[in-house]
Amino acid sequence: MKRMLSCLLVMVMALSILTACGSKDTDPNTGTTGEAAAGDLKEKELVKLNVVMMASNKADTAEIVNAVNEITREKLNIEMDLTYISYGNYVQQTTMMLSSGKGVDLLPIYMTPLATVANNGQILPLDDLLEKYGQDLVKEIGPQYIESGRVGDDIYGITTGRDLAKAYGFEMRKDLADKYNIDYANIKTLDQLEEALTVIHENEPGVIPVVPPNGELVRNWGWDPLGDDMTNLGVLMDYGKELKVVNLYETDFYKEFITRTNKWYNSGLIMKDAINNTENTGTMMKAGSAFGGFANLKPGFDVQETRNYATEIVVSEIVPAYTTTSDVQMATWAISNGTKNPEAAMKLLNLMYTDPDIMNLLIYGIKDKHYVAVGEAANGQSIIDYPEGLDATNSGYPPGGGWIWPNQTIGHVWNGNPADYWEIQKDFNNTATRSAAYGFTFDSSRVRNQVTATSNVVAKYHDALMAGVLDPETTLPIFQKELKDAGIDDIIAEKQSQLDQWAAKNK
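-18 is the number of the first residue of the sequence shown in the working numbering; add one for each residue after it.
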């Protein structure tokens, strides 16, 4: 630990020196200081880059891109073509793009382990590009978080400016919580939550107490997945306090959790045919057919959900905030190996992380058309809201997905959050319980076949067990045996070996 902290301090000092040295000259075109400003950041000929992003319902995208390109042409002589892909299709389509090397230069890696695409050679190592053209974004995000994008000896992805820790709990409609005097702020256990859900079930026959969004009830409940967020092929329990890799699916914790949800399902608390649900919780809460669902929480989550679904939402935090490498790597911007312009891609990425005008356009749209300023935020930007008559249902560019754009923290604050919201979020990140394996990235290349086989087994059983659809008494032993046969013990042993080596190296 001391060695790791020493390395971080050295990096911070080095960045300070770079900044100090570059402070003598400021590029009038880019406003950039440091080594990058010593050269001409503007491309000699206009470069067009394909940027892929995750979102839907953005009818005015072309107008936004035109406004962004006015800035990027002036500063870099670069333009972007922006392609939005829906959440449900994002992994499949970006996997195809990265495999073919066509149609994408810059994109966030999401729902696929960063190590997987790095080891497949689908994205570029960024160390040299960061040194030449990315020092501003390193300073903005912080060296400790930049390091989380390292796979092996190289950095492959840059995390986004967002909540880099997570709490877990339950989101619910405030009107129904108030109607039945549910003390949501003080629900701290699953037993207490069950009491509230039972009240809704008994008194609101047309309302589903718990909706698993898109068929997934809970993704995590206090363990460190060590990179396997969707499959949990060897985890650290209890917030990653100890470096002992275990089979989640053989723990007492897992059996107790799925036994509870099975009881809930049979009692009518969880949506029937839950794993085939294709809607999210917010949509169904807005429609009046759902009370709530489990959620990954952060500061202002209730404000965000209220804004997105035009229905007042409140939350109960049950699992307090903690952070793992997987959380930081969950959304990391990368440069496709198929790009013909890697230096231009890094220049654009650096600008996206540091230019608030670009971030505000890409996240919120055009001022006075898609949003209006209603106050001043602590970071020098504005507190904003919808213009009169607009909301998420009729705006041509509704806000959403700000967390997966490079750096929302340099931009506006949505109305309902405090003026210093981004500082509160940074405190949330920095004060969360940190897994003892923070900074460790698992390389699955030696157990690639076992990962494929066990992932298929997990897909057969895990979500259905978590949602209570399957009987744990009969199904769990079958699930456990098939995982054994598919090689989960090999994966756990390899993870433990790599983790032990990492721990010894980093003390």
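Even for Gly, the Cβ is constructed at its ideal location relative to N, Cα and C.
query, result
"Below 8 Å on the Cβ atoms is my guess for P280 versus I189; work out the distance and round it to an integer in Å.", "No, P280 and I189 are not in contact; Cβ-Cβ is about 28 Å, not under 8 Å."
"What is the C-beta distance between P89 and I365, in whole angstroms, given that I count them as a contact (C-beta under 8 Å)?", "About 23 Å; that fails the 8 Å criterion."
"Classify I459: buried if its beta carbon has 16 or more other beta carbons within 10 angstroms, exposed otherwise.", "exposed"
"Would you check if there are 3 or more beta carbon pairs closer than 8 Å linking the segment 178 to 192 to the segment 269 to 280?", "yes"
"Mind checking S4: buried by the 16 CB within 10 Å criterion, or exposed?", "Because S4 carries a pLDDT of 36, less than 50, the predicted location of this residue cannot be relied on, and the following value inherits that uncertainty. S4 should be labelled exposed."
"For G329 and L107, which I take to be in contact (beta-carbon distance under 8 Å), what is that distance rounded to the nearest angstrom?", "The sequence given here places Leu at residue 329; Gly does not occur at that position. L329 to L107, Cβ: 13 Å. No contact."
"Going by DSSP, name the residue or residues bridged to R415.", "T304"
"Got a sec? Which residues, its chain only, sit under 8 Å from E223 by beta carbon, not counting five neighbours each side?", "L217, A417"
"Pick out the complete alpha helix (DSSP H) segments inside the segment 69 to 146, 4 residues or longer, and give them in chain order.", "71 to 81, 95 to 100, 108 to 114, 116 to 122, 124 to 127"
"Just to confirm my understanding: we take N213, look at its own chain, exclude 5 residues before and 5 after, and list those with CB closer than 6 Å. What are they?", "P206, L229"
"Relative to the C-alpha of A326, which candidate in D86, Y334, L27 has its C-alpha closest?", "D86"
"Report yes if the C-beta distance between A276 and E357 is below 8 Å; otherwise report no.", "no"
"Quick one: Cα of G208 to Cα of D401, how far?", "32 Å"
"Count the other CB atoms within 10 Å of the CB of Q482; is the residue buried (16 or more) or exposed (fewer)?", "exposed"
"Leaving out the 5 sequence neighbours to the left and right, which residues in its chain are closer than 6 Å to D210 when beta-carbon positions are compared?", "S307"
"Under 8 Å, with one C-beta from each stretch per pair, do the segment 111 to 122 and the segment 232 to 245 reach the 3-pair mark?", "no"
"For K236, collect the residues of the same chain with a Cβ closer than 8 Å to its Cβ; drop the 5 residues on either side in sequence, then sort them by chain order.", "P453, L457"
"According to DSSP, is G150 helix, strand or coil?", "strand"
"Determine the direct distance from the alpha carbon of G377 to that of K462, and round the result to whole angstroms.", "51 Å"
"Applying the 10 Å Cβ sphere with the 16-neighbour rule, what's the burial state of K489?", "Absent from the structure is residue 489, since the part of the chain shown begins at -18 and ends at 488."
"Please check the pair G392 and P337, which I expect to be a contact at CB under 8 Å, by giving their CB distance rounded to whole angstroms.", "5 Å"
"Going along the chain, which residues of its own chain have a beta-carbon closer than 8 Å to the beta-carbon of V300, five neighbours each way excluded?", "A148, Y149, G150, W202, G203"
"With distances taken Cα to Cα, identify the nearest neighbour of T433 among K407, G263, H443, A467.", "A467"
"Can you list the alpha helix (DSSP H) stretches of 4 or more residues lying completely in the segment 152 to 198, in chain order?", "155 to 160, 171 to 184"
"Relative to the C-alpha of E219, which candidate in N360, T305, Q310, L105 has its C-alpha closest?", "The sequence given here places Asp at residue 219; Glu does not occur at that position. Among N360, T305, Q310, L105, the Cα nearest to that of D219 is on T305."
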